[in-house]
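A quick write-up on the structure given underneath.
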Amino acid sequence: MPLNLEDKRAIVASVNAVAADALSAVIADYRGLTVSEMTELRQKARETGVYVRVVRNTLAKRAVEGTEYECLNDALVGPTILAFSQEDPGAAARLFKDFAKDHKLLEVKALAVGGVAYGAADLDILAKLPTRDQALSTLLSVMQAPIAKFVRTANEVPSKFVRVVAAVKDQKQEAA
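Read in this note's numbering, the sequence shown has 887 at position 54, and its numbers run on one by one without any break.
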């Protein structure tokens, strides 16, 4: 069913609004996936906070104009599905990586972060980025380590004193 001009403008505006606020983008070729597999992908995307949309390449190129994802224009060839990470930079990459394990027909074309386009080979790097919660817990554990070490060291002084007194007591009891 052909889209009229107003529908095309609405699609471009909605994708542009999402792209303007997105942290990263991933483009993949979905050729060969069934409708149920695409529905499964969209459902997983909603659960992980990833915006997924199948858009014509000409509309996608117009939608990413003026955003940091304009660098992906060269990869917009053939059947394309766009994924924008809304909350976590690695969410879209993790989604496509996990989905591609079970569905070999999903082929990642390119990804972009911070206005720089990367090839499909760099998907693992982006997918391995920690989530916000993981990064915060790592930061807190690093901040807590010196304090915990200080407390253990400060506690060692009275413990050592108690061990010395116990050893002297045992020595005197054996001598008596």
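Ideal Cβ positions, reconstructed from N, Cα and C, are used throughout, including at glycine.
Here the structure is a predicted model, which is why all the values come from computation and not from measurement.
So residue i packs on residue j, CB below 8 Å; how close in whole Å?
i: Val885; j: Ala916; result: 5 Å
i: Thr913; j: Asp966; result: Not a contact, Cβ separation roughly 31 Å.
i: Val848; j: Ala896; result: 4 Å
Between the beta-carbon of residue i and the beta-carbon of residue j, is there less than 7 Å?
i: Met892; j: Ile844; result: In the sequence as presented, Met is not what sits at residue 892; that position holds Leu. Their beta carbons are under 7 Å apart, which means Leu892 touches Ile844 by this criterion.
i: Leu969; j: Phe932; result: no
i: Ala943; j: Thr900; result: no
i: Leu1012; j: Lys982; result: There is no way to answer for residue 1012, as the model of the chain reaches only from 834 to 1009.
i: Ala960; j: Ala924; result: no
i: Ser918; j: Leu836; result: no
i: Leu956; j: Lys930; result: yes
i: Gly882; j: Glu839; result: no
i: Val941; j: Ala953; result: yes
i: Ala812; j: Tyr902; result: For the chain, the structure presents residues 834 to 1009; residue 812 sits outside this window and is missing.
Restricting to Cα atoms, I'd like to know which of the options is closest to residue i.
i: Leu939; options: Val1001, Gly911 and Pro963; result: Gly911
i: Ser869; options: Ser857, His936 and Arg842; result: His936
i: Leu962; options: Val946, Glu901, Met976 and Val990; result: Val946
i: Arg889; options: Arg879, Val995, Thr881 and Ala908; result: Ala908
i: Val791; options: Ala999, Leu972, Thr872 and Asp966; result: Coverage of the chain is limited to positions 834 through 1009, which leaves residue 791 absent and any answer about it impossible.
i: Phe894; options: Lys993, Arg864, Gly865 and Ala846; result: A quick correction: the sequence has Lys, not Phe, at residue 894. It is Ala846.
i: Pro922; options: Ile958, Ser992 and Ala999; result: Ile958
Which residues mark the beginning and the end of the alpha helix (DSSP H) in which residue i is found?
i: Leu838; result: Leu838 to Asp854
i: Asn906; result: Element bounds for Asn906: n/a, residue is neither H nor E.
i: Leu928; result: Ala924 to Asp935
i: Val984; result: Arg965 to Ala1008
i: Leu874; result: Val868 to Thr881
i: Leu956; result: Leu956 to Ala960
Could you tell me which residues DSSP pairs with residue i in its beta bridges?
i: Leu915; result: Ile860 and Arg886
i: Ala949; result: The identity of residue 949 in the sequence shown is Val, whereas the question assumes Ala. BP columns for Val949 point to Val946.
i: Glu940; result: Asp862
Within 7 Å of any Cβ in chain B, is that where the Cβ of residue i sits?
i: Pro912; result: Here there is only one protein chain, and chain B is not present.
Does the Cβ of residue i lie closer than 6 Å to at least one heavy atom of the ligand NAP?
i: Ala855; result: By its list of ligands, the structure shown contains no ligand whatsoever, and the ligand NAP lies outside what it can speak to.
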